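> These protein sequence lines map, in sequence, to chains A and B. Numbering follows our numbering, in which position 222 of the first sequence is assigned residue number 222; successive positions increment by one, without gaps. For our numbering, count along the second sequence from 1 and bump the result up by 1000.
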Amino acid sequence: MHIPDGYLGPNTYIAFWIIMVPIWYFAGKKLSAELRSKQVPLLALAAAFSFVIMMFNVPIPGGSTGHAVGGAIVGIVLGPWAAVIALSVALVLQALMFGDGGITAIAANCFNMGVVIPFVGYYTYKFISGSTEITSSRRVIAAAIAGWLSLTLASFCAGFEFGIQPILNHTPEGVPLYMPYPLSVTVPAMVLEHALGFSILEALITALIFAYIQRTDTSVLYGERSRSLKKEPNAAASA
Amino acid sequence: MDKMLRNFAIGLVLLIILAPLGLLAVGETFGEWGSEEIKEKLGYVPQGLEKLSGVWNAPLPDYAFPGGENSESLPLSAAAYILSAVIGVVVCGGLLYFVGKKVARD
Chain A
1 MHIPDGYLGP NTYIAFWIIM VPIWYFAGKK LSAELRSKQV PLLALAAAFS
51 FVIMMFNVPI PGGSTGHAVG GAIVGIVLGP WAAVIALSVA LVLQALMFGD
101 GGITAIAANC FNMGVVIPFV GYYTYKFISG STEITSSRRV IAAAIAGWLS
151 LTLASFCAGF EFGIQPILNH TPEGVPLYMP YPLSVTVPAM VLEHALGFSI
201 LEALITALIF AYIQRTDTSV LYGERSRSLK KEPNAAASA
Chain B
1001 MDKMLRNFAI GLVLLIILAP LGLLAVGETF GEWGSEEIKE KLGYVPQGLE
1051 KLSGVWNAPL PDYAFPGGEN SESLPLSAAA YILSAVIGVV VCGGLLYFVG
1101 KKVARD
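1. Using three-state DSSP, classify T65/A as helix, strand or coil.
2. For E161/A, does the three-state DSSP call read helix, strand or coil?
3. Classify E1037/B as helix, strand or coil using the three-state DSSP reduction.
4. In chain order, what residues of the same chain have a beta carbon less than 6 Å from the beta carbon of L183/A, not counting five sequence neighbours either side?
5. Threshold first: 3 residues or longer. Then list the beta strand (DSSP E) segments lying entirely within the region 54-129 of chain A, N to C.
6. Which value, in whole angstroms, describes the spacing of the CA atoms of G1028/B and T65/A?
7. Considering just the uninterrupted stretch of the alpha helix (DSSP H) at M179/A, what are its terminal residues?
8. Closest Cβ-Cβ distance between G1065/B and chain A: below 9 Å?
9. Using a Cβ-Cβ cut-off of less than 9 Å, list which residues of the region 22-45 of chain A approach chain B; keep chain order.
10. Any idea what DSSP makes of H170/A, helix, strand or coil?
11. Using a Cβ cut-off of 8 Å, pull out every chain B residue sitting near A90/A, in sequence order please.
12. Going by other Cβ atoms of all chains shown within 10 Å of its Cβ, with 16 needed for buried, is F1098/B buried or exposed?
13. My understanding is that V69/A touches E193/A, with C-beta atoms under 8 Å, so please give their C-beta distance in whole angstroms.
14. Buried or exposed, going by whether 16 or more other CB atoms sit within 10 Å of the CB of A43/A?
15. Answer yes or no: do C157/A and V116/A have a C-beta to C-beta separation smaller than 9 Å?
16. Please report the straight-line C-alpha distance between S50/A and V191/A, rounded to a whole angstrom.
17. Out of T152/A, P166/A, K38/A and G75/A, which one is the CA nearest neighbour of Y123/A?
18. What does DSSP give as the partner residue(s) for E1028/B in the beta ladder?
19. Report all residues from its chain with a CB closer than 8 Å to the CB of G1022/B; omit the five preceding and five following residues, and keep chain order.
20. Short of 8 Å in beta carbon distance, which residues of its chain neighbour F160/A, apart from the five on each side in sequence? Order them along the chain.
21. What whole-angstrom Cβ distance do I145/A and I134/A have, given they're in contact under 8 Å?
22. For chain B, find out if any of its Cβ atoms is closer than 9 Å to the Cβ of T65/A; answer yes or no.
23. If the cut-off is 9 Å on Cβ atoms, which residues from the region 197-219 of chain A count as contacting chain B, listed in chain order?
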C-alpha cells in the first residue's frame, strides 16, 4: 500500500501534504501533553514493530503480495494520536532510506496507513468493546475486527486515490499522466486483496498482541492508565 | 510492565531474524509497479509517472544493496533485508525513545 512517486499527480499529493501538516502538528502537541515517561519505551517499540511488520510480504492467491501494518494494535495501545507519530516515523524512514513509498507521496501514505488505520482501529475496538471488562474476550474479538476493518478501509483510501488520477490528470487527448487505471479497477483490486488477504493477517496480529497485553498488564492500554492510577492510591490507603 | 517490554523486545528481535521470509513472496504489488512493468501492461509509460518516478534515489532501494546485481543471490539479499530491518528498528525506536524522553511529562 506504499504509493510510489509518480502514481499521484501534484494536485493529489500536495492536497495530502496540506491535510497532513496540521494532523502531524496536532498529534505532536497531543503527544507532548499526554506522554508519560513509562510509555516511552512502548512508543519506540511500536514504531520499530510496525516498520518490521511491513517488511513481511506475504503472497496471496492471484500472484499479488502485500503486508500487514500493525497500525490498529498501535492505535489501541498508545491511542490514535500517538500512533500517528509512531507510524509516520516508520513510513518516512521507509520512503527516504528504502524507497518504499514515494517522497512526494509521503503525506498520502501517512494518511492512509498512519491516520486511517490507527483511528479506525482504535474507535472500532472501543465501539465493539463497549463497557465490557478490560479482560473480556469480547475485546479480543473487537481487536481482531478493528485490525481487519482498519487495513481494509486504508486500502480503499489508497485505491480511491489511485483511481481518481485518470480523472484529475490526463493529457488533452485523454491519456492518463499518472496512475492509469480508473476507480473501477483500482478500488476492487486494492480492497479485495486486503479484505480477503492482508487484513486477515492484520486481524490476527492485532488480536494476538491484544490478548497478550490483556493477560500481562492492561494498565499500558490507552485510556486504562487513569483508571489504574486511581486504583493505586486506594489500594495504598487500604493496605 | 518490564516483563512485557522485555518480551516485546524479544519478539522484535525474532521478527528481524525472520524478516527475510518476506523475500520469499514473489509477485507484484498493485500500484507499485516499476516503469518496465507498466510498459508491459499498457504499452506505454504515463508521462507524469515517468518524470516523477525518478525523483528520489534511496540508499537501500527496496531493502536491498544498491546496484541490483546482488538481487540474484539469496544470502546477499537476506543480509540486506536484515540490515534494513535493524536500521529501521534502531532509527525508529531510537528517535522516538530520545524525543519521547524529552517531551514526556514525568
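Beta carbons: idealized from backbone N, C-alpha and C, even for Gly. Predicted model, so just to flag it, every value in this text is computed and none were measured.
If we stick to the structure as given:
1. To locate residue 65/A, count along the first sequence from 1; it is residue 65. The answer is strand: DSSP assigns T65/A an E or B state.
2. Numbered from its first residue, the first sequence carries residue 161/A at position 161. Helix.
3. Taking the second sequence and counting its residues from 1, one reaches residue 1037/B at position 37. Helix, per DSSP.
4. As a working mapping, residue 183/A is identified with position 183 in the first sequence. Only G163 meet the Cβ criterion.
5. 58-60 and 64-66
6. Position 28 of the second sequence holds residue 1028/B. Position 65 of the first sequence holds residue 65/A. It should be noted that the sequence gives Glu, not Gly, for residue 1028/B. So the two alpha carbons sit approximately 6 Å from each other.
7. On the first sequence, residue 179/A is found 179 positions in, with the first residue counted as 1. It is not in any alpha helix (DSSP H) - M179/A carries neither H nor E in the DSSP assignment.
8. On the second sequence, residue 1065/B is found 65 positions in, with the first residue counted as 1. The sequence given here places Phe at residue 1065/B; Gly does not occur at that position. Closer than 9 Å: no.
9. G28, L31, S32, A33, E34, L35, R36, S37, K38, Q39, V40, P41, L42, L43, A44 and L45
10. As a first step, residue 170/A must be located in the first sequence, where it is residue number 170. In the structure shown, H170/A sits in a strand (DSSP, three-state: E or B).
11. Taking the first sequence and counting its residues from 1, one reaches residue 90/A at position 90. Chain B residues near A90/A: G1088 and C1092.
12. As a first step, residue 1098/B is located in the second sequence; it is residue number 98 there, counting from the start. Classification for F1098/B: exposed.
13. Residue numbering aside, residue 69/A sits at position 69 when the first sequence is read from its first letter. Residue numbering aside, residue 193/A sits at position 193 when the first sequence is read from its first letter. Their Cβ separation, rounded to whole angstroms, is 14 Å, which puts V69/A and E193/A out of contact at 8 Å.
14. As a first step, residue 43/A is located in the first sequence; it is residue number 43 there, counting from the start. As written in the sequence, residue 43/A is Leu, which differs from the Ala given in the question. L43/A is buried by the Cβ-count criterion.
15. Taking the first sequence and counting its residues from 1, the one referred to as residue 157/A is at position 157. Taking the first sequence and counting its residues from 1, the one referred to as residue 116/A is at position 116. Yes; because the gap between Cβ atoms is below 9 Å, this pair is in contact.
16. On the first sequence, position 50 is the one that residue 50/A refers to. On the first sequence, position 191 is the one that residue 191/A refers to. Computed Cα separation, rounded: 21 Å.
17. As a working mapping, residue 123/A is identified with position 123 in the first sequence. Residue G75/A is the option with its Cα nearest to Y123/A.
18. For the purposes of this step, residue 1028/B is identified with residue 28 of the second sequence, where counting begins at 1. Paired residues: S64/A.
19. By one-based count along the second sequence, residue 1022/B stands at place 22. These residues qualify, in order along the chain: Y1081.
20. The residue you call residue 160/A lines up with position 160 of the first sequence. Excluding sequence neighbours, F160/A sits near L183, T186 and V187.
21. Here residue 145/A refers to the residue found at position 145 of the first sequence. Here residue 134/A refers to the residue found at position 134 of the first sequence. Not a contact, Cβ separation roughly 17 Å.
22. For the purposes of this step, residue 65/A is taken as the residue at position 65 of the first sequence. Chain B contact via Cβ: present.
23. I209, Y212, I213, T216, D217 and S219
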